[in-house]
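Residues in the sequence shown are numbered consecutively from 284, following the working numbering.
Beta carbons are placed, not taken as given, at the ideal position from N, Cα and C, and that holds for glycine.
One structure is given below, encoded as structure tokens.
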Amino acid sequence: PPRVDLITASSGRLPPPLCREKTVIFSPRMTVRLSLILALSTLALAEEEKECNGAEGGVCELQKGVIHPENLSPYASYINENPRDTNKPEQPMSAKFINLLGESVSKFWDNGTPSGKYQGKIQTGESSHGTYSTHVFFFRDNKGREVGRYTMRLDEPMYIIHDNRPEILNSETYRNLLKDRQFLIDYKNRTGQPWLSVYPRNKPHLHIWPAPFIGHTHTVKSSYGHWNGEAFNSDGFDAKIVTLATQPKVFLIENLISEAECDHIIDLARNRIAQSFIGNSGDAFKDETRTSRTGWIERTESDLLNHIFKRFADVLHMEDHQLNHNMNAEPLQVVHYNTNQHYYNHFDFFYTGTNRYRFSTLLMYLNNATSPKAGGGTGFPKAYKGRGLKVRPPRGSAVLFYSMLEDGNCDHYSEHTGLHVLEGEKWVSNLWVWDPLRMGVTG
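The structure is reproduced here in structure tokens:
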């Protein structure tokens, strides 16, 4: 979109304010200059790569002067002191479950109890889940009969629920799934990630901000300035989109919305929030893994909220109309946590039976933590080789991350968690954007 006219490329890995920034006005006449700056940045990165060990997802941490999340922002840090122990038999993984029974089945985790731990329903079709190797899941049909039991393995990406009926095993659908399974195995061997989208799927239509290295910064100019409670800032807003992690792609955007705008969103949602659920639509259920309260507000509920959505469109490099609820954007979800509440590890994307998926999440913090020990951050446990990334930005700031990769796959590394609130309360809001269109939208 032409209104997004400013891009800042950081040509080094030193954390701000020491990073060297070059600002370019993005116009046709500046193409040569932009190409030169990007080429110089690439050369600088190539020189640094010579000194680097343990590259992951295009990012390396230099042996001298290692860049930690804390160096990039006072609001980010590791979750764990050390990288994940890859020698342990229990390792994080993602798996696809394919239900061929023609009816929904109930999924249970074998936690050592006779009944297991209920994990929700899987409709006919496929479903992707984050889990751990060595974990065992079993499935029951509507009559309570066990129709499948599977032990999770790192080398097995797909589990087909079929109860051994000959008509299923001899079907063309089953034979095609075995071919798809081979693609999944080849894809993981080639990329290191499981394929979690529907297969086949085209590349996403929407823009993904590049994250070439930790600390890289995009600067986006929006003409939709902050509301201070009395008037809008006529100078607009310059958004600094700072890369905190590259696998998954996680960005910090400070001061995306003003304090008055935070208050407005909370006021709109306060009287409509209710118990949060796990799952989607008719299959949703209460669970101790998610203990918050949730409400929804549409952008048309106030002129101010509509103005804020226009700013979101600029920051996401989208056209404003794409953030309408009959296009790509869900209504704004507002979530409230009290002390000791949380939301355990989960993906934002889920299987829809189509090529439509949640594509990105813009997560805004609407209140400040009561102290540095208040908790309540957002965690990405698979970032930084299992050390994890946690972010707890101040009021009005946002965390942007993508559930989808550039090739159309859903990102296994985008699994995240709402960390325990240890003191006070926590207010956040989620803007979920879909690609190519929101589920349920015609066209």
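- request: Measure from the alpha carbon of PRO487 to the alpha carbon of each residue in ARG721, VAL716, GLY707, ASP690, then state which is nearest.
  value: One-based indexing of the sequence shown puts residue 487 at position 204. Out of ARG721, VAL716, GLY707, ASP690, ASP690 has the C-alpha closest to the C-alpha of PRO487.
| Three-pair Cβ contact test at 8 Å for the region 360-371 versus the region 385-392 | Look at the beta carbons and you see the region 360-371 not touching the region 385-392: under three pairs across the two are nearer than 8 Å.
- Message: Assuming contact is defined by CB atoms lying nearer than 8 Å, are SER686 and TYR640 in contact in what I supplied?
- Response: Taking the first residue of the sequence shown as position 1, residue 686 is located at position 403. Taking the first residue of the sequence shown as position 1, residue 640 is located at position 357. A contact, by the Cβ cut-off of 8 Å.
- Task: Drop a sphere of 10 angstroms on the beta-carbon of SER517, count the other beta-carbons inside from all chains shown, and report buried for 16 or more, exposed for fewer.
- Result: Taking the first residue of the sequence shown as 1, we reach residue 517 at position 234. SER517 comes out exposed.
### Task
Answer yes or no: do VAL617 and ILE548 have a C-beta to C-beta separation smaller than 8 Å?
Here residue 617 is taken as the residue at index 334 of the sequence shown, counted from 1. Here residue 548 is taken as the residue at index 265 of the sequence shown, counted from 1. Inclusion of VAL617 and ILE548 in the CB contact set at 8 Å is warranted, their separation being smaller than that value.
| request: Drop a sphere of 10 angstroms on the beta-carbon of TYR507, count the other beta-carbons inside from all chains shown, and report buried for 16 or more, exposed for fewer. | output: As a first step, residue 507 must be located in the sequence shown, where it is residue number 224. TYR507 should be labelled buried.
message = If you reduce the DSSP assignment to three classes, tell me which class VAL342 lands in.
response = Position 59 of the sequence shown, counted from the start, is the residue given in the question as residue 342. Confidence in VAL342 is poor, its pLDDT being 35 and thus under 50, which makes the residue's placement unreliable; the coordinate value appears in the next sentence. Three-state result, VAL342: strand.
Worksheet item: Going by Cα to Cα distance, which pick from HIS490, GLY512, ALA522, PRO493 is closest to LEU503?
Response: As a position in the sequence shown, residue 503 is number 220, starting the count at 1. The residue you asked about is not Leu; residue 503 is Val in the sequence shown. For VAL503, the closest C-alpha among the options HIS490, GLY512, ALA522, PRO493 is that of ALA522.
| message | Suppose you measure from the CA of ARG670 to the CA of ALA359; what does that come to, to the nearest Å? | response | The residue you call residue 670 lines up with position 387 of the sequence shown. The residue you call residue 359 lines up with position 76 of the sequence shown. Whole-angstrom Cα-Cα distance: 13 Å.
**Item:** For PRO493 and LEU319, the rounded distance between their alpha carbons
**Value:** Position 36 of the sequence shown, counted from the first residue, corresponds to residue 319. Position 210 of the sequence shown, counted from the first residue, corresponds to residue 493. At LEU319 the pLDDT is 39, less than 50, meaning the model places this residue with poor confidence; the figure from the coordinates comes in the next sentence. C-alpha separation (whole angstroms): 18 Å.
**Asked** Do we get a CB-CB distance below 8 Å when we pair PHE466 with the residues of chain D?
**Response** Of the protein chains in the structure, only one exists, and it is not chain D.
Answer yes or no: do GLU455 and TYR634 have a C-beta to C-beta separation smaller than 8 Å?
For the purposes of this step, residue 455 is taken as the residue at position 172 of the sequence shown. For the purposes of this step, residue 634 is taken as the residue at position 351 of the sequence shown. In this structure, TYR634 does not lie closer than 8 Å to GLU455 by Cβ.
inquiry  = If contact is defined by three or more beta carbon pairs under 8 Å, each pair taking one atom from either stretch, is the region 660-679 in contact with the region 697-705?
reply    = The region 697-705 and the region 660-679 touch, with no fewer than 3 CB-CB distances between them shorter than 8 Å.
Q. Between the Cα of LYS668 and the Cα atoms of LEU355, ASN354, GLN374, SER356, which residue gives the shortest distance?
A. Residue mapping note: residue 668 aligns to position 385 of the sequence shown, counting from 1. When each option's Cα is compared against that of LYS668, the closest is GLN374.
Beta-carbon proximity list for ASN242, same chain, < 6 Å, skipping 5 on both sides: Here the chain has residues from 284 to 726 only, and residue 242 is not among them.
Exercise for review: Report the three-state DSSP secondary structure of HIS490 (helix, strand or coil).
Suggested key: Counted from its first residue, the sequence shown places residue 490 at position 207. For HIS490, the three-state secondary structure derived from DSSP is coil.
Inset, instruction - Assuming SER680 contacts HIS619 (C-beta within less than 8 Å), just tell me the rounded distance between them. - result: What you label residue 680 is simply residue 397 of the sequence shown in a count that begins at 1. What you label residue 619 is simply residue 336 of the sequence shown in a count that begins at 1. Actually they are not in contact, since the Cβ atoms of SER680 and HIS619 sit about 18 Å apart, beyond 8 Å.
*Distance between beta carbons of ILE580 and GLU544, contact taken as under 8 Å*: Residue mapping note: residue 544 aligns to position 261 of the sequence shown, counting from 1. Residue mapping note: residue 580 aligns to position 297 of the sequence shown, counting from 1. The distance from the Cβ of GLU544 to that of ILE580 is about 13 Å, inconsistent with a contact at the 8 Å cut-off.
- Query: Buried or exposed: where does GLY475 fall if 16 or more other Cβ atoms within 10 Å of its Cβ makes it buried?
  - Reply: The residue labelled residue 475 in the question sits at position 192 within the sequence shown. In this structure GLY475 is exposed. Its beta-carbon is surrounded by fewer than 16 other beta-carbon atoms within 10 angstroms.
Problem - Span of the beta strand (DSSP E) around THR414 - result: To locate residue 414, count along the sequence shown from 1; it is residue 131. THR414 -> beta strand (DSSP E) spans 408-415.
Original post:
What's the gap between the Cα of LEU720 and the Cα of ASN370?
Top reply: Your numbering for residue 720 matches position 437 in the sequence shown. Your numbering for residue 370 matches position 87 in the sequence shown. Rounded to whole angstroms, the separation of the alpha carbons of ASN370 and LEU720 is 41 Å.
**Item:** Simplified DSSP assignment, three categories, for PHE592
**Value:** Locating residue 592 in the sequence shown gives position 309, counting from the first residue. Reduced to three states, the DSSP call for PHE592 is helix.
Item to check | Inter-residue Cα distance where the pair is ASN609 and PRO449 | outcome: Translated into positions along the sequence shown, residue 609 becomes position 326. Translated into positions along the sequence shown, residue 449 becomes position 166. Rounded to whole angstroms, the separation of the alpha carbons of PRO449 and ASN609 is 43 Å.
Exercise. Would you report the Cα separation of VAL682 and GLY427, rounded to the nearest angstrom?
Worked result: For the purposes of this step, residue 682 is identified with residue 399 of the sequence shown, where counting begins at 1. For the purposes of this step, residue 427 is identified with residue 144 of the sequence shown, where counting begins at 1. Answer to the nearest angstrom: the Cα atoms are 42 Å apart.
Below 8 Å between beta carbons: does that hold for CYS693 and PHE632? Here residue 693 is taken as the residue at index 410 of the sequence shown, counted from 1. Here residue 632 is taken as the residue at index 349 of the sequence shown, counted from 1. Yes, the pair counts as a contact, with Cβ atoms nearer than the cut-off.
*Grouping DSSP H, G and I as helix and E and B as strand, with all else coil, what is SER505?*
Counting from 1 along the sequence shown, the entry for residue 505 is found at position 222. Under the three-state reduction of DSSP, SER505 is assigned to strand.
Excluding the five sequence neighbours on either side, which residues of its own chain have a C-beta within less than 8 Å of the C-beta of ASN607, listed in chain order? Reading the sequence shown from its first residue, position 324 is the one you call residue 607. Excluding positions up to five away in sequence, the list reads ARG582.
Cβ-Cβ separation, THR644 to TRP717 (assumed contact under 8 Å), whole Å:
In the sequence shown, the residue the question calls residue 717 occupies position 434. In the sequence shown, the residue the question calls residue 644 occupies position 361. Rounded, the Cβ-Cβ distance is 11 Å, inconsistent with contact.
Thinking ARG436 and GLU429 are a contact (beta carbons under 8 Å), I'd like their distance in whole angstroms, please.
-> Reading the sequence shown from its first residue, position 153 is the one you call residue 436. Reading the sequence shown from its first residue, position 146 is the one you call residue 429. ARG436 to GLU429, Cβ: 20 Å. No contact.
Expected contact under 8 Å - CB spacing of SER739 and SER411 to nearest Å:
There is simply no residue 739 to check, as the chain begins at 284 and stops at 726 in what is shown.
Between GLY399, LEU384, ARG473, TYR401, which has its C-alpha nearest ASP446's C-alpha? Along the sequence shown, read from residue 1 onward, the residue named residue 446 stands at position 163. For the residues GLY399, LEU384, ARG473, TYR401, the minimum Cα distance to ASP446 belongs to LEU384.
- With DSSP as the reference, label SER697 as helix, strand or coil. Walking along the sequence shown from the start, residue 697 turns up at place 414. Residue state, collapsed to three classes: helix.
Inset, instruction - Would you decide whether ASN554 is buried or exposed? Buried here means 16 or more other CB atoms lie within 10 Å of its CB. - result: Numbered from 1 along the sequence shown, position 271 holds the residue referred to as residue 554. Under this definition ASN554 is an exposed residue.
Kindly indicate which residue of ASP597, LEU587, GLN406, ASN623 has the alpha-carbon position closest to the one of PHE515.
Position 232 of the sequence shown holds residue 515. The candidate whose alpha carbon is nearest that of PHE515 is LEU587.
Original post:
Can you tell me the Cα-Cα spacing of MET441 and TRP392, whole angstroms?
Top reply: Stepping through the sequence shown from its first residue, residue 441 is reached at position 158. Stepping through the sequence shown from its first residue, residue 392 is reached at position 109. Distance between MET441 and TRP392, taken at the CA atoms: about 17 Å.
Q. Which residues share a DSSP beta bridge with LEU539?
A. Residue 539 sits at position 256 when you count from the first residue of the sequence shown. As far as DSSP is concerned, LEU539 takes part in no beta bridge.
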